[in-house]
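Under the numbering used here, the residues of the sequence shown are numbered 14 to 376, in order. Glycine included, C-beta positions come from ideal geometry on N, C-alpha and C. Quantities reported herein were computed from a predicted structural model and do not represent experimental measurements. These notes concern the structure reproduced below.
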Amino acid sequence: TRRRFTLTQYLIEQRRRFPTASGDFNALLLDVALACKAIARTVAFGDLGSMLGQPAPEVTTTVNVQGEEQKKLDVISNEYFTQMTEWGGHLAGMASEEMDHPYQIPATLQRGKYLLVFDPLDGSSNIDVNVTVGSIFSVLRAPQDVIDSGRDVVEADFLQPGAQQLAAGYALYGPTTMLVLTVGSGVAGFTLDPNLGQFMLTHPNLQIPEDTHEFAINASNSRFWEAPVKRYVDECLAGKTGARGKDFNMRWIASMVAEAHRILMRGGVFLYPRDTKDASKHGRLRLLYEANPVGMIIEQAGGRASTGREPVLSVKPTELHQRIGFVFGSKNEVERIERYHREPGAYKDDANPLFAERSLFRD
Ligand code: AHG
Ligand code: MN
Ligand code: MN
């Protein structure tokens with residue numbers, strides 16, 4: 014039989030590049046992987062685990078800081094993350110979609126030099142219909158004064174551009190459970206062997222094709238899109254007979270982590286752009302625990318991740334739960350979308366003959 018590496022072996026190999034590394038980083042990632050395995054098991058039991066749907070009466074929080082309804086599995090997944098990673102002594106603090114404020118490592122435990130930021134269950138609206146969901150995580154270095162003093166973490170400690178991430182990854186709870194990881198030298202994919210309970214290296218060097226004819230966007234928002242996005246989608250829809258001269262295919266899972274995985278496997282482009290739906294929100298997805306980790310993985314795999322205007326990894330965050338427009342995937346398509354955003358007059362949609370007429374998404 015073919016010899017396969019486990020996640021542990023892969024991390025040890027990676028660490029050989031840094032002979033002075035303490036091993037804390039690897040230990041942290043293995044704790045994260047354990048949390049993901051626990052979530053995978055819980056998700057796999059579905060209704061049998063009576064974990065679906067509304068939170069049980071003993072769970073008091075039902076709406077998170079974003080005003081979104083928390084499913085019981087959102088809360089349980091969040092607890093798996095905190096409980097399986099806080100004890101190791103590697104973390105200075107954590108932040109999550111499901112926690113309004115940074116999470117402090119209890120005083121009874123040791124504190125370390127890393128920050129863990131995560132979306133414990135992405136796409137959780139899909140849980141009740143048995144469609145793929147996942148967990149997304151990002152590892153940052155804590156500011157030096159946090160490491161030196163061991164003080165409590167504050168929101169500002171987490172507001173680091175995505176380019177400073179040390180590692181990023183996601184787990185996917187689909188037909189198989191997978192873990193996709195970058196520690197800054199390419200992207201590796203692991204498949205959970207259910208017999209061994211181990212993540213096995215199945216995709217050693219994921220690369221996103223530079224070109225694609227597949228796009229993903231929630232078209233029900235089309236009336237709120239800005240002109241460059243309308244232009245891009247209209248051109249895709251026009252297919253062979255339009256400016257692009259080729260037919261496109263469309264996909265929308267409503268689980269960003271699953272879309273990211275499809276794009277890593279076969280290329281494509283994903284857009285959840287900034288739009289005019291709600292002036293108080295600059296996009297749908299969250300910068301720190303959705304866009305940044307997925308952005309790092311996509312760029313490490315040769316793709317591109319953007320706000321439409323600038324590389325997402327260069328954005329200096331201003332808030333823990335900040336939302337942002339997010340466009341990622343095959344390099345040439347994302348660069349085209351960025352170009353449409355830069356072109357003069359591209360914002361004034363009515364002034365631009367390209368979308369004044371003949372949009373399938375218009376009445
Ligand atoms: P979450 O379940 O963590 O709140 O995130 C859901 C996100 C993302 O996964 C997905 O792409 C998007 O929300 C779906 O948005 P629509 O509801 O507009 O389809
Ligand atoms: Mn999410
Ligand atoms: Mn979530």
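* Could you tell me the distance, in whole angstroms, from the CA atom of PRO217 to the CA atom of ALA201? => 5 Å
* What residues does ligand 3 have around it, judged by CB closer than 6 Å to any heavy atom, in chain order? -> ASP87, GLU110, ASP132, LEU134, ASP135, SER137
* Taking Cβ to Cβ, would you say LEU300 is nearer than 8 Å to PRO330? -> yes
* Selection from LEU153, THR215, GLU239 that minimises the alpha carbon distance to THR19 -> THR215
* Asked: Taking the beta strand (DSSP E) that THR195 falls in, what are its first and last residues?
  -> 190-195
* Look up ASN234 in the DSSP assignment and give the residues it is bridged to. => According to DSSP, which records beta bridges pairwise, ASN234 is partnered with nothing at all.
* To do: Using 10 angstroms around the beta-carbon of THR189, count the other beta-carbons present and answer buried if the total reaches 16, otherwise exposed.
  => exposed
* So what's THR73 in DSSP terms, helix, strand or just coil? -> Bear in mind that the predicted position of THR73 carries a pLDDT of just 47, short of 50, making it unreliable; the figure below should be weighed with that in mind. THR73: coil per DSSP, three-state reduction.
* Continuous alpha helix (DSSP H) stretch holding ILE266: start and end -> Unbroken run through ILE266: none, as it is neither H nor E.
* What do you reckon, are the CB atoms on GLY316 and GLY296 nearer than 8 Å? -> no
* Asked: Where TYR224 and GLN157 are concerned, what is the direct C-alpha to C-alpha distance, given to the nearest angstrom?
  -> Residue 224 is actually Asp in this sequence, not Tyr. Each residue's Cα considered, the two are about 41 Å apart.
* Asked: Per the contact definition of three or more C-beta pairs closer than 8 Å, is the segment 143-160 in contact with the segment 180-197?
  -> yes
* **Contacting residues, own chain, Cβ-Cβ under 7 Å from PRO70 (five flanking each side not counted)** => Reliability fails at PRO70, whose pLDDT of 48 lies under 50, so the model's placement of it is uncertain and the value that follows must be treated cautiously. So no residue of the chain qualifies.
* Answer with buried or exposed for ALA169, where buried requires no fewer than 16 other C-beta atoms within 10 angstroms of its C-beta. => exposed
* Cβ shell of ILE310 (< 6 Å), same chain only, five flanking positions each side left out -> ALA181, THR195, VAL200
* Locate the alpha helix (DSSP H) running through GLN96, then write down its first and last residues. => 85-98
* Status (buried if at least 16 other CB within 10 Å, exposed otherwise) for LYS259 -> exposed
* Segments of 4+ residues assigned as alpha helix (DSSP H) that fall wholly inside the segment 239-316 -> 240-251, 269-279, 305-313
* To do: Could you spell out the range, first to last residue, of the beta strand (DSSP E) harbouring VAL146?
  => 146-154
* Asked: Are VAL193 and HIS274 close, meaning C-beta to C-beta below 8 Å?
  -> yes
* Flag TYR285 as yes when its Cβ comes closer than 7 Å to any non-hydrogen atom of ligand 1, and as no otherwise. => yes
* Asked: Does the distance from the CB of ALA51 to the CB of MET107 come in under 8 Å?
  -> no
* To do: Run through the segment 96-144 for me and flag every whole alpha helix (DSSP H) of 4 or more residues, listed as ranges in chain order.
  => none
* Asked: Does the Cβ of GLU303 lie closer than 7 Å to at least one heavy atom of ligand 2?
  -> yes
* Residue range of the beta strand (DSSP E) that ALA40 falls in? -> Taken as a continuous stretch (DSSP letters only), ALA40 belongs to no beta strand (DSSP E), being part of the alpha helix (DSSP H) at 37-57.
* What are the start and end residues of each continuous alpha helix (DSSP H) run of 4 or more residues lying completely inside the segment 162-221, in chain order? -> none
* Report whether the distance from the Cβ of SER268 to the nearest heavy atom of ligand 1 is below 7 Å. => yes
* Asked: For ARG29, does the three-state DSSP call read helix, strand or coil?
  -> coil
* With respect to the alpha helix (DSSP H) encompassing VAL347, which residues constitute its N-terminal and C-terminal limits? -> 344-355
* Return the residue from the list GLN335, SER109, VAL307 that minimises the CA-CA distance to LEU128. => SER109
* Distance, PHE171 Cα to ASP135 Cα -> 20 Å
* Examine chain D for any beta-carbon lying closer than 8 Å to the beta-carbon of GLY316, and answer yes or no. => Included in the structure is just one protein chain, with no chain D present.
* **Neighbourhood of VAL56 by C-beta distance below 6 Å, restricted to the same chain and skipping five residues each side** => TYR186
* Asked: Would DSSP call VAL159 helix, strand or coil?
  -> helix
* Please list, in chain order, all residues of the same chain as GLN335 whose beta carbon is under 8 Å from its beta carbon, the five residues on each side excluded. => HIS295, ARG299, LEU300, LEU301
* When every heavy atom of ligand 1 is checked, does at least one fall within less than 7 Å of the C-beta of ASN91? -> no
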